[in-house]
Each structure stands twice: as C-alpha cells, then as structure tokens.
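Student: Residue numbers (the numbering used here): 347 to 735. I have a structure I would like to understand better, so I am pasting it below and will then ask my questions one at a time.
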Amino acid sequence: MSQVHATSPLGTMPVETFLTDYWQKKPLLIRQAFPNFETPISPDELAGLACEEEINSRIVIEQGGDHPWQAIHGPMDEATFAKMPETHWTLVVNDLEKCLPELAWITDQFRFIPEWHLDDLMSSWAAPEGSVGPHIDLYDVFILQGDGKRRWQISTAPVADDNVIPDIAIRLQKDFTPEFEWILEPGDMMYLPAGVSHHGISIGESSSYSIGFRATSHSDLVNDFIAHITDELSIKETYQLPFEALKSEPNKISVAAIDEVRNIFRRYLDPDSPELARWFGQFVSDSKVDYLHECEEPIASIEQLQTLLAHASSPLLRHPASRFAYTEEAPEMCRLFIDGSDYLVSIHFAKILCAKRDVPLIDLLAIANENERDFIVNLYNSGKLYFET
C-alpha cells in the first residue's frame, strides 16, 4: 500500500525559496528530508526486476569486470549476478513508480514541480565502494538516500565536451575535481541541477532513489513539432515557384523563391498557433514507455465502478505509468492530455481528476456529464485508473 509522507521533502524551506534560489541554479543538501525513511524495495527485489524483459536496468562495474567501468544492460539473469565481484559495482533500475505503482508516493512528494515534467523514479543498489562514476546529468534530480551511506563528491565547474574516459560504453569524466562532498544517510536528500558533476561512492552496501525530471533538447522539441504538423499535411501541398523567380537567370535562386519558402514556414511554424499548445500537451504527456495493463474485468457502466469502489481496499487512483496534463482552451472547457492523446472536457472535470493521485469519484461524478462518465469507464478499462491490490 502507499505510504504517507506528512512533511515537505524540502524540510523547513518554503517551496518559493527553493524555486527562486535553488531550482536549476545550485545544489542543495536537505538532512532528513524523509524522516525515518525505510527503503521500500529490497536488493533481491530490485535484482528480480532487473531480470524482467520490459524493465530498463543496467549494472556498472568499476573494478572486477571485463574492463574498468564495464556496463551491462538488462534484462539480467541469475548467472549475471552470480559472477559479480564483492565490491565496486552498482545495479540501477529505472521507472520504478511505473512498474511498482505503490512507490508513486515518493514522486508525489515533488508535485511543486509540474507532474508532467517528471521523468521517473530510479533506484540504485551498490556493493561496498560501488559507484557509477563521475558524471553530469542533463536533467534536474533529487537523490534520496535509502539504506546505508553514500559519499557524494560534487563540482559545479563547467565540463568540457572532450573530458570523457575513452573506449567505454558510458559517458564518465576523465578528470574530476570535487569542490565539496556530502555523506548521505537514510532519509537525507540532495538536489542537483542539470550539468552539475557528481560522483557517488557507497560506504558499505547502500541504496538510493533518484527523482529525475525531463530534459528535452531544443532539437527534440523542434523535430517532434515538425513531425506533428507534417503528419497530416497532404502531399498535394507543394512548393509553387513564384512568377518573379521565373525571370531570374537559370541557376540563380532569387529572393522571391526564398520568400515563398518563408511564407510556407510562417504558415505552419507559427508559435502563436493554438496547434502548438495541443502538440506540446501531447508531447509532454507521452510517457514513451508502457507499463499499463488493461484491467482484468472490464466494466460497462459507471455504476459498476461505484460498486467496485465501495468494496475496494484502496481509493481509485491515477496509474503512475500514465501522464495526465491539461490546458485551458475555452470558457469552462479544457484539453485533457493522457499518454499522448487529448480529449475535450470541462475544466472542473480535469482539475478534480488531476488534483492528486487519489481520484475522488463522488466529487468527479457530481460535475461530470454523460460523455465524461463514459470517459471515466474507459480510463478504468484501459488501466489508467485502478485500485491497488
């Protein structure tokens, strides 16, 4: 079952202070961000996940492998773990909150950052002296200490593109000089902005949990938007040679010819177009991975869902593997985005549905029209809404 974390993971620091002074600016250490934190998944359970085909996992062996900083990508098997050295290796598993929805209570503590900006909950288990090496991440991350202790060395100095260890499969820094270090104990947490170098070394065996946020390059944004707008363009829409261009010399590209290209681009790449907001909602709500499973017993009506809720041992929940977001579009209406698709619903419906992980079905039905009631049934049947078992 989900756990409840009664206090802010920022401790006594106001959210506004964190967002103003630290977010995407500088590192922060928070002692006992999660007081009395007990790691929710054992090393054996984490290793078991790494053996599953659909799970994104890897092992990094600094010493004792085929070569320094050897990387092994999952799925693993028992033979993989049997040959691991006693020290200097780390197991990493991504998307924990998606494959184990009961762990979403951890990521839910960070909803002062837009939920649609969350990437995943990652966990690592390290043998004594285990590490994944000095590196930078291109995304913002909170790192929460689980079992044991881990020494973190940190540097905010710029890193040259060629500062990499050659001939290995992972991108690690060849030259790393820490500016300071922190030792994290269970429940301690640090925040690192994108681009800050860090090197974690396990003191004995240890585990940690990383709450990472998406880093989307401008290249990915532009490419995806262009793919979006061209997907529905007719092949009959072709470049028309302007009359003025016909008067030019045979091999000259005239100003008129270039202006016609500009006109085409202005037509489709208008940043003020309402289509931009629709594309962006689809883009950020696309989870890129699919851990959803349709419910075992589909329902045919909202009344059946109410009956299930009355006998369920948990509230109705939004599944962590699904991404929910919305934009206001017209008076009292909005476009609701779920896993890359969009739907027109009332703004009140979207706000209640997205307010928290628990979905207050009674409140939702009080304002839902007939179409929105059917929509709730479809969300349940497709696994996007579910009950914990």
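A virtual CB, placed ideally from N, CA and C, is assigned to each residue, including glycine.
#1: Sort S660, E640 and H574 by Cα distance to L622 and report the nearest one.
#2: Any contact between the region 460–472 and the region 437–448? By contact I mean 3 or more CB pairs, one from each, below 8 Å.
#3: Could you name each continuous beta strand (DSSP E) segment of 3 residues or more that falls completely within the region 544–619, going from the start of the chain to the end?
#4: Assess, as a yes-or-no matter, whether the region 442–459 is touched by the region 380–399 under the definition of 3 or more beta carbon pairs within less than 8 Å.
#5: Say the cut is 7 Å; is the CB of L655 nearer than that to a heavy atom of the ligand SAM?
#6: Roughly how far, in whole angstroms, is the beta-carbon of G357 from the beta-carbon of A393, given that I think they are within contact range, below 8 Å?
#7: Where does the unbroken alpha helix (DSSP H) through E716 begin, and where does it stop?
#8: Please report the residue range of the alpha helix (DSSP H) in which W451 lies.
#9: Would the beta-carbon of D489 fall within 8 Å of that of S554?
#10: Which stretch, first to last residue, makes up the alpha helix (DSSP H) that contains D632?
#11: Can you tell me which of I610, G558 and E606 puts its alpha carbon nearest to the alpha carbon of T576?
#12: Does the count of Cβ pairs from the region 360–375 and the region 529–543 closer than 8 Å reach three?
#13: Apart from the five residues on each side of it in sequence, which residues of its chain come closer than 8 Å, Cβ to Cβ, to T353?
#14: Using the Cα positions of V630 and L592, report the straight-line distance between them to the nearest angstrom.
#15: Figure out for me which residue from K495, Q586, F458 and I708 has the closest Cα to the Cα of D534.
#16: Quick check on the burial criterion: 16 or more other C-beta atoms within 10 angstroms. Buried or exposed for M347?
#17: Following the continuous alpha helix (DSSP H) through L707, name the residue where it begins and the one where it ends.
#18: By Cβ distance below 7 Å, which residues in the same chain neighbour V542 in space, the five residues on each side in sequence not counted?
Tutor: A quick look at the data gives this:
#1: Position 276 of the sequence shown, counted from the start, is the residue given in the question as residue 622. Of the residues S660, E640 and H574, the one whose Cα lies closest to the Cα of L622 is H574.
#2: In this structure the region 460–472 touches the region 437–448; the number of beta carbon pairs closer than 8 Å is three or more.
#3: Under the rule that a run must span 3 or more residues, the beta strand (DSSP E) segments found entirely inside the region 544–619 read 552–559.
#4: Yes, they touch.
#5: Only the bare structure without any ligand can be found here, which leaves the ligand SAM out of the picture.
#6: Here the question's residue 357 lines up with position 11 in the sequence shown. Here the question's residue 393 lines up with position 47 in the sequence shown. That belief does not hold up - the Cβ atoms of G357 and A393 are roughly 32 Å apart, past 8 Å.
#7: Residue 716 sits at position 370 when you count from the first residue of the sequence shown. Its alpha helix (DSSP H) spans residues E716 to N727.
#8: Taking the first residue of the sequence shown as 1, we reach residue 451 at position 105. Looking at the DSSP string, the run of the alpha helix (DSSP H) that includes W451 is A450 to T453.
#9: Residue numbering aside, residue 489 sits at position 143 when the sequence shown is read from its first letter. Residue numbering aside, residue 554 sits at position 208 when the sequence shown is read from its first letter. It should be pointed out that residue 489 corresponds to Ile in this sequence rather than to Asp. Less than 8 Å divides the Cβ of I489 from the Cβ of S554.
#10: Stepping through the sequence shown from its first residue, residue 632 is reached at position 286. For D632, no alpha helix (DSSP H) segment is defined, and its DSSP state is neither H nor E.
#11: Taking the first residue of the sequence shown as position 1, residue 576 is located at position 230. Selected option, being the one with the closest Cα: I610.
#12: Below 8 Å, enough C-beta pairs join the region 360–375 and the region 529–543 to call them touching: three or more.
#13: The residue you call residue 353 lines up with position 7 of the sequence shown. Within the same chain, T353 has close Cβ partners P381.
#14: The sequence position of residue 630 within the sequence shown is 284, counting from 1. The sequence position of residue 592 within the sequence shown is 246, counting from 1. Roughly 45 Å separates the two Cα atoms.
#15: Start at 1 with the first residue of the sequence shown, and residue 534 comes out as number 188. Among K495, Q586, F458 and I708, the Cα nearest to that of D534 belongs to K495.
#16: By 1-based counting over the sequence shown, the position of residue 347 is 1. Note that M347 scores a pLDDT of 40, beneath 50, so its modelled location is shaky; the value from the coordinates is reported in the next line. Per the 10 Å Cβ criterion, exposed.
#17: The residue you call residue 707 lines up with position 361 of the sequence shown. That run of the alpha helix (DSSP H) goes L707 to I713.
#18: In the sequence shown, residue 542 corresponds to position 196, counting from 1. Leaving aside the five residues that flank V542 on each side, the residues in its chain whose CB is nearer than 7 Å to its CB run, in chain order, P373, I482, I500 and T502.
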